[in-house]
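Enquirer: Please read through the structure below; I'll follow up with questions.
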Amino acid sequence: MCEHEEHYHEHDEHGQNYIILRTIIALALFACGYKLKPLFILAYLIAGGDVLYKAVKNIVKGHVFDENFLMSIATAGALAIKEFPEAVAVMILYQIGEYLQHRAVEKSRHSISKLMDIRPDYANLNGQKVAPQEVKIGDIITVNPGEKIPLDGVVIDGLASVDTSALTGESLPRSIKEGDTVRSGCINLDGVLKIRVTKEFGESAASKILELVENASSKKAKTENFITKFARYYTPFVVFLALFIAFIPPLFFKGNWIIRALTFLVISCPCALVISIPLSFFAGIGGASKQGILIKGSSYLETLAKTKTVLFDKTGTLTKGVFKVTGINSQNPDMLKYAAYAESASSHPIALAIKKAYGQEIPEGIKIKEMAGKGIQADIEGHEILAGNAKLVNPPENANKAGTIVYISIDGVYQGYIVISDEIKEDSEETIAKLREMNIKTVMLTGDSAESAERVQEKLNLDNVYSELLPGNKVEKVEDEIKNASGSTIFVGDGINDAPVLTRADVGIAMGGLGSDAAIEAADAVIMDDKPFKVVNAIVLARKTMTIVKQNIVFAIGVKAIFLILGGFGAVTMWGAVFADVGVSLLAVLNALRCGSKRVSKNV
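Position in the sequence shown (first residue = 1) + 530 = this note's numbering.
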């Protein structure tokens, strides 16, 4: 009962109904076999024909020692010594176990397959339904009530509530109005929306999420790889041990050692391990997806369970990233204008806040040079404008203000500064408190000023903060934390500048729904909304998954060892061997399905 996980993906509903029908027929023939012996053989072939076929097919391919081989030689041996009921019972119970196991796996897969529902079927373009792939950037599409939003874009007309649960795990609808950005995969609940498309289908949120889901099983955990290697050596070992039991002890001791050897083979089938371990990780990934957390592979789930340090970006991760100008300190009345001109080509939240505060039209054709991690250099009306942090402008004063400070100079002469404030997210404080309760160190990395960083640290009670960092400095800080950490080091961020850091951390988590494409691409896990508390849920779920994986390993190996010893000494019958094999596997599978249920509640 332990074909690898791919085995389950092959079975559709029709195939499962066929197994049920075969099993019922085999049971009826089995009951009649006690009066007419040949019916046992017919029942055996009907119940176990696929097992025998796979065993022969795998032998031809060179894969001799697998579970089908074990089942086939054990039951064929039982038939040879005229133990007909036992041989048929093995195959029938195997099929029953296969069916029950398949249903359990499907339950686990359901949470992930629900995500596949976000795939849009069509887009309404110019009054016609077309494939989403045919829509181009800049096209205007219409989304009617009840339809999926097929592509990412900006609402240019309309008001509606949208269901984002498939993307974010959040059950409450979100209100959408003119000017709002929308992501593909959401469902329009009411109202008619006209959307200007900003990304082609291949780059849209729905397409990227589907790609993540489809590739989620490609990154195997070390534990999974261990089980695969274990089964590779374990199976031939038990086959040769069964041959030893069958032919060596009879030279010295009395007893039916052939039966003992066949019983030993049935017990030895490593079903519980081969199935329940991958299923545990699969259930964990599925459970995370229900909470709006996409984990790209079981290896990252395993690493998350060992988390000892979490490093957060500030803007858009612990704070809302919604900035507004809250102070201007300058004797130059045109300073805000020059700052807005300098930031005209930037879509950074700070730049948007400055342009919004200026509130007037900005001419095109301004020569702008971005200074990475420092700010902007611009040529405006014949003047050189510098707008950025203290490293760029070198101000004669340090503005001791709560918020982000943008210093301005014109032609090398310091003009003053602009104060821009960002609001801390509602659940950031509880996120940090919970992580501290879990004995996890919390650190914030930011390019903002020391004053702004210290304000957030004081509010959230972070263990450590590093401020005024360039993107390269963030990578260095992550590497330092990795060296000093006793477990895994996790980085959580959302901006394009976070991509190198996300890649360097043991696990990079992108705040995905509104984060940059580069960050989502570089990350190992994606939170589909902007709630940092889901980092806590991801770690808790990963820890529970690994606990269950270890339980299944100990349980399966322990029970197998006991029954193998008893079977070798003839203390367990063939019937007992069958029930031990099926029972252990099903209990391990049911235990594995608990992986996806862990969620930490919060009081926000």
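No residue lacks a Cβ here, since even glycine has one placed at the ideal position from N, Cα and C.
Could you give the first and the last residue of the continuous alpha helix (DSSP H) run that contains G1106?
Expert: Per DSSP, G1106 belongs to the alpha helix (DSSP H) from 1104-1122.
Enquirer: So, under 8 Å CB-CB, E708 and G688 are touching, yes? Tell me the CB distance rounded to an integer number of Å.
Expert: Contact holds; Cβ gap of about 7 Å.
Enquirer: Would a check of beta-carbon distances place A835 closer than 8 Å to chain D?
Expert: Here there is only one protein chain, and chain D is not present.
Enquirer: Express the C-alpha separation of E960 and V986 in angstroms, rounding to a whole number.
Expert: For V986 and E960, the distance between alpha carbons rounds to 13 Å.
Enquirer: For A1055, which beta-bridge partners are listed by DSSP?
Expert: In DSSP, A1055 forms a bridge with I825, I1039.
Enquirer: Between D952 and K850, which are expected to be in contact by the criterion C-beta below 8 Å, what is the C-beta distance as a whole number of angstroms?
Expert: D952 to K850, Cβ: 6 Å. Contact.
Enquirer: According to DSSP, is E927 helix, strand or coil?
Expert: Coil, per DSSP.
Enquirer: Just the C-alpha distance for V618 and F570, rounded to the nearest angstrom, thanks.
Expert: V618 and F570: Cα-Cα distance of roughly 7 Å.
Enquirer: Based on Cα-Cα distance, which residue from S798, Y944, R1073 lies nearest to K838?
Expert: The option with the nearest alpha carbon to K838 is R1073.
Enquirer: Starting from A653, follow its DSSP beta bridges and name the residues at the other end.
Expert: Per DSSP, V660.
Enquirer: Can you round the beta-carbon distance between G933 and T856 to whole angstroms, since I take them to be within the 8 Å contact cut?
Expert: That belief holds up - the Cβ atoms of G933 and T856 are roughly 6 Å apart, short of 8 Å.
Enquirer: Can you say whether Y583 is buried or exposed, counting buried as having 16 or more other CB atoms within 10 angstroms of its CB?
Expert: The residue in question, Y583, is exposed, as its Cβ has fewer than 16 Cβ neighbours within 10 Å.
Enquirer: Output needed for L1044: all residues of its chain with C-beta closer than 6 Å, excluding positions within five of it in sequence on either side, in chain order.
Expert: Note on L1044: pLDDT 48, under 50, position unreliable in the model; no value is reported.
Enquirer: Between the Cα of R552 and those of G563, V1084, L990, L572, spot the shortest distance and give me the residue it belongs to.
Expert: Residue L572 is the option with its Cα nearest to R552.
Enquirer: What residue from M974, I910, N1003 has the CA that sits closest to V995's CA?
Expert: It is M974.
Enquirer: May I have the straight-line CA-CA distance separating L719 from A1053, to the nearest angstrom?
Expert: Their backbone Cα atoms lie some 31 Å apart in a straight line.
Enquirer: May I ask you to report which of helix, strand or coil DSSP gives S979?
Expert: Coil.
Enquirer: What number of angstroms, rounded off, separates the C-alpha of L600 from the C-alpha of P800?
Expert: Roughly 10 Å separates the two Cα atoms.
Enquirer: Go ahead and label Y538 buried or exposed: buried means 16 or more other beta carbons lie within 10 angstroms of its beta carbon, across all protein chains shown.
Expert: In this predicted model, Y538 has a pLDDT of only 38, less than 50, meaning its place in the structure is not dependable; the value taken from the coordinates is given anyway. Burial call: buried.
Enquirer: Should C562 be labelled buried (16 or more other beta-carbon atoms within 10 Å of its own) or exposed?
Expert: That one is exposed.
Enquirer: Taking the beta carbon of N924 as the centre, do at least 16 other beta carbons fall within 10 Å, making it buried, or is it exposed?
Expert: With fewer than 16 other Cβ atoms within 10 Å, it is exposed.
Enquirer: Use the C-beta contact count for N991: other C-beta atoms within 10 angstroms, 16 or more gives buried, fewer gives exposed.
Expert: So N991 counts as exposed.
Enquirer: Taking C-alpha atoms, which residue in I1078, D909, V840, G918 lies nearest to M968?
Expert: When only C-alpha atoms are compared, the closest one is V840.
Enquirer: Give the secondary structure of M974 by DSSP, where H, G and I count as helix, E and B as strand, and everything else as coil.
Expert: M974 falls in the strand class under three-state DSSP.
Enquirer: With which residues is H913 paired in a DSSP beta bridge?
Expert: Answer is I910, bridged to H913.
Enquirer: For M1058, which of G1023, V1089, F1085, I858 has the nearest alpha-carbon?
Expert: Nearest of G1023, V1089, F1085, I858 to M1058, Cα basis: G1023.
Enquirer: Under three-state DSSP, which class holds A690?
Expert: Residue state, collapsed to three classes: strand.
Enquirer: Report the rounded CA-to-CA distance for K964 versus V1066, giving the unit in angstroms.
Expert: C-alpha separation (whole angstroms): 7 Å.
Enquirer: With burial defined as no fewer than 16 other Cβ atoms inside 10 Å of the residue's Cβ, what is the status of F770: buried or exposed?
Expert: Exposed, since its Cβ has fewer than 16 Cβ neighbours within 10 Å.
Enquirer: So what's D993 in DSSP terms, helix, strand or just coil?
Expert: Reduced to three states, the DSSP call for D993 is coil.
Enquirer: Taking only three categories from DSSP, how would you classify L841?
Expert: Looking at L841 - three-state DSSP - the assignment turns out to be strand.
Enquirer: Leaving out five residues before and five after D596 in sequence, what residues of the same chain have Cβ atoms less than 7 Å from its Cβ?
Expert: Contacts found: N588, T765.
Enquirer: Consult DSSP for N1003 and reduce its assignment to one of helix, strand or coil.
Expert: In the structure shown, N1003 sits in a helix (DSSP, three-state: H, G or I).
Enquirer: Classify A1091 as buried or exposed, calling it buried when 16 or more other Cβ atoms lie within 10 Å of its own Cβ.
Expert: Exposed, by the Cβ-count rule.
Enquirer: Quick one: grab the DSSP three-state call for I549.
Expert: The answer is helix: DSSP assigns I549 an H, G or I state.
Enquirer: With DSSP as the reference, label S939 as helix, strand or coil.
Expert: Strand.
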